[in-house]
Structure formats: C-alpha cells, structure tokens
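K.L.:
Going by the UniProt record's numbering, the letters in the sequence shown line up with residues 1 to 213, in that order.
Dumping the structure here so I can ask a few things about it.
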Amino acid sequence: ENLDVEAATAAEGEARVGQISLAVASPGRGDGPRATFGIVSSVGGPVRTRRGPRPERYIQTDASPYPGLSGGPLVNVHGRVVGIMVAGWGRGAAFAVPADLAWRVAGTLQERGTMKRGYLGILSQPVRLPNGVAPDLNQKGGLLVVGVEDGSPAGRGGLMVGDIVATLDGRPVEDTDDLLLLLSGDRVGRAVPVRVVRGGEPRELEITVDERG
1 ENLDVEAATA AEGEARVGQI SLAVASPGRG DGPRATFGIV SSVGGPVRTR RGPRPERYIQ
61 TDASPYPGLS GGPLVNVHGR VVGIMVAGWG RGAAFAVPAD LAWRVAGTLQ ERGTMKRGYL
121 GILSQPVRLP NGVAPDLNQK GGLLVVGVED GSPAGRGGLM VGDIVATLDG RPVEDTDDLL
181 LLLSGDRVGR AVPVRVVRGG EPRELEITVD ERG
C-alpha cells in the first residue's frame, strides 16, 4: 500500500537516562510489527561484548529484548529515532547504537562501501597510569608507547617511546581495543587531540590519523 507518511528522523542530542523509549521491530515471522516499551537505563561506552569488538557508545534500555528486535529503531515519545537496537551485547538487557553514530556509519558505507580504518603507527602495551595523574584524568590505565614507526602519524605528531597515551579525541584509551575502536570513521584523515603522560606530566599532542592501506 502507498502510505502518506514521513520517514523517521534521528533525534537531536543524546538519549538521557530516564527517558521513555519504544523499541519497534518486525521479527519476520508473519506476525507483523511488534513494539516494547521501556526506559533508558544507562548511556555510555565503550561496552565489552562477548563477540569481541566494542561499540564506541551505547544506550541501554529495560525494554524486553525479544527475538527479532535487532535492527529496529528505538524511538522517543516524539517519534524520533534515538538508536538502532542490537542483539548479543548482554543477556537479559536490550542495547542500542546511538542514532547519530548509526547514521554516521551508514553514510560512510553508502559513500565508500566500507568503513575507514585508521592507524597511528605505534607499538604499545597497557600500563597503569602514575598515581600523580590518574585522578586528574579520571582513569586508571593507558597505553605505553614502546615503538614508533618512522614517518608514521604518531612520529609526525611528536609521540615518543615512553609516552603513555591516555585519551584520543577526548575519549579514554586504556587498552589496544579502545585505540582500534577510536581509529575509525570520521577521525581518519582528521587531526585529533591526543593526551599523553610524559615524564610523569600530562601534555597534549595533535596527531592526524592516516587511513590504513
């Protein structure tokens, strides 16, 4: 049937804890669309999953995670999309990728057919941050730089062996998974702030993320 309706659009701003939400999906079993009501219980990221890769940000709702929910929209009371539901991130909980992140990934896939993957050109290992700076950075760990490739983005940006990478583009980096997650999407080809600990003191560098060949 021809329906005279407008396509749903993304909500402005991020979802908020306590916000009423409705997860809508079509399980594909001939039952028609289904919906489940809930409240946004947490917003954050990244979240560890049983499948390995971790999303940069997530929305958790107490809506019932029934089969077929994945891929459906999570909408607010105004009918705006705040996220896209996903499965397999946790038992007994319903999660969604924030709409702005999902739209950004979709735009990249539509334009390029694949996601950009960036690199800094370093060898690193997780370490604990020095006690003198950990409280100020509000995190316990970072990545100790043990090698820098010649001519790499890290080398051009002034990153040195012995530096501890604490944040990239304002987001914490506590292990290699965190770094790989952040070196993607629209950060590739862009100069981003990188906060490091050098000689026990925090300092900020600017590094342009190159695309991995």
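Ideal placement from N, C-alpha and C gives every residue a C-beta, glycine not left out.
Pair every Cβ in the region 159–178 with every Cβ in the region 105–116, then say whether three or more of these pairs are closer than 8 Å.
P.N.:
no
K.L.:
Could you tell me whether the region 153–160 touches the region 117–132, using the rule of 3 or more Cβ pairs below 8 Å?
P.N.:
yes
K.L.:
Residues bridged to Ser152 by DSSP?
P.N.:
As a working mapping, residue 152 is identified with position 152 in the sequence shown. Answer by DSSP bridge pairing: none, since Ser152 is not bridged.
K.L.:
When the Cβ atoms of the region 156–164 are set against those of the region 194–210, are three or more pairs found closer than 8 Å?
P.N.:
yes
K.L.:
Between Thr61, Val165, Tyr66, Val188, which lies nearest to Arg198 when the distance is taken from Cα to Cα?
P.N.:
Translated into the one-based positions of the sequence shown, residue 198 becomes position 198. Proximity to Arg198 across Thr61, Val165, Tyr66, Val188 peaks at Val165, based on C-alpha coordinates.
K.L.:
Can you name the start and end residues of the alpha helix (DSSP H) that Ala93 belongs to?
P.N.:
In the sequence shown, the residue the question calls residue 93 occupies position 93. Segment: none, Ala93 is in no alpha helix (DSSP H) and carries neither H nor E.
K.L.:
If the criterion is Cβ atoms closer than 9 Å, does the pair residue 231 and Ala10 meet it?
P.N.:
For residue 231 there is no data in the structure shown, the boundaries of the chain being 1 and 213.
K.L.:
By Cβ distance, which residues of its chain are closer than 6 Å to Gly52, with the 5 residues on each side in sequence left out?
P.N.:
The sequence position of residue 52 within the sequence shown is 52, counting from 1. The predicted model places Gly52 with a pLDDT of 48, which falls under 50 and marks its position as unreliable, so this point remains unresolved.
K.L.:
Does the region 139–150 come into contact with the region 180–190, if we say contact requires no fewer than three beta-carbon pairs (one atom in each stretch) closer than 8 Å?
P.N.:
No: the two stretches stay apart, fewer than three of their Cβ pairs being nearer than 8 Å.
K.L.:
May I have the straight-line CA-CA distance separating Gln19 from Ala102, to the nearest angstrom?
P.N.:
Along the sequence shown, read from residue 1 onward, the residue named residue 19 stands at position 19. Along the sequence shown, read from residue 1 onward, the residue named residue 102 stands at position 102. Rounded to whole angstroms, Gln19 to Ala102 spans 19 Å at the Cα level.
K.L.:
In its own chain, which residues sit with a C-beta less than 7 Å from the C-beta of residue 214, not counting the 5 before and 5 after it?
P.N.:
Summary: the structure shown does not reach residue 214, with the chain confined to residues 1 through 213, and so no result is reported for it.
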